[in-house]
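J.: So the sequence shown is numbered by my numbering: it starts at 11 and just counts up by one.
We put the CB at the ideal spot given by N, CA and C, even for glycine.
Sharing a structure below in structure tokens format, with a few things to ask.
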Amino acid sequence: MNNFLRSLGVCALLVSSTLLAIEVDSDNGPVFDTEGPFDITQLPQGASVTLPSPATTVVPLSTFYRVGPTDKAQVFRISASDSGCAVKVHVYDKTSDQVKTSMLRSGESMIYRFERLNGVRVHASPVESCKAKTRLVLDSNRPLEIGM
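The structure is reproduced here in structure tokens:
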């Protein structure tokens, strides 16, 4: 698995319960990003990674991404940043006819409980035009698979 991720230019490392993102620079070797949570945009399209618990992921707006459970009775939380704009979050479960939709304002969060071991697709978009930098934070009570 490490060789697979390394070939993609991305690797995950668990150190003191914090997920560090590592970028591989062909000239200088690995470059460690310890500035904050894992950034999903570092993953190539179609790739996924299992994040340990506790781990936090930054998710950009207007991006579709996959979230999958690794255990039964698992939940994940999506939180809007304190200084951001209102965001509408859609959770698509292929085993359900309904789409779960939540409106998140600054500092609010939503919780989603996986019904089965099937993953879901998530998409978030701003409700109004916004000049403030808005980001979502995704975390879970157990290790969580996430991908583009």
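#1: Going by beta carbon distance, what residues of the same chain come within less than 7 Å of S72, once the five residues before and after it are set aside?
#2: State the DSSP-derived secondary structure class of T51, mapped to helix, strand or coil.
#3: Beta strand (DSSP E) containing A134: first to last residue?
#4: Go ahead and pull the three-state DSSP assignment for I106.
#5: Output the distance between the C-alpha atoms of V68 and H133, rounded to the nearest integer angstrom.
#6: Just to check my reading of the structure: N151 and S63 have Cβ atoms closer than 8 Å, yes? What is that Cβ distance to the nearest angstrom?
#7: Cα-Cα, which of T60, Q52, V109 and I50 is closest to L154?
T.: Taking the structure as given:
#1: Numbered from 1 along the sequence shown, position 62 holds the residue referred to as residue 72. For S72, where only same-chain residues beyond five positions count, the Cβ hits under 7 Å are S135.
#2: The count along the sequence shown starts at 1 and reaches residue 51 at position 41. The answer is helix: DSSP assigns T51 an H, G or I state.
#3: Here the question's residue 134 lines up with position 124 in the sequence shown. Segment V130 to P136, the beta strand (DSSP E) holding A134.
#4: Here residue 106 corresponds to residue number 96 of the sequence shown, with the count starting at 1. Note that residue 106 is Ser in the sequence shown, not Ile. The answer is coil: DSSP assigns S106 none of H, G, I, E or B.
#5: Along the sequence shown, one-based indexing puts residue 68 at 58. Along the sequence shown, one-based indexing puts residue 133 at 123. Going by the C-alpha atoms only, they are around 13 Å apart.
#6: Looking up residue 151 in the sequence shown gives position 141. Looking up residue 63 in the sequence shown gives position 53. Yes, N151 and S63 are in contact; Cβ-Cβ is about 6 Å, under 8 Å.
#7: Numbered from its first residue, the sequence shown carries residue 154 at position 144. Cα-wise, what sits closest to L154 is T60.
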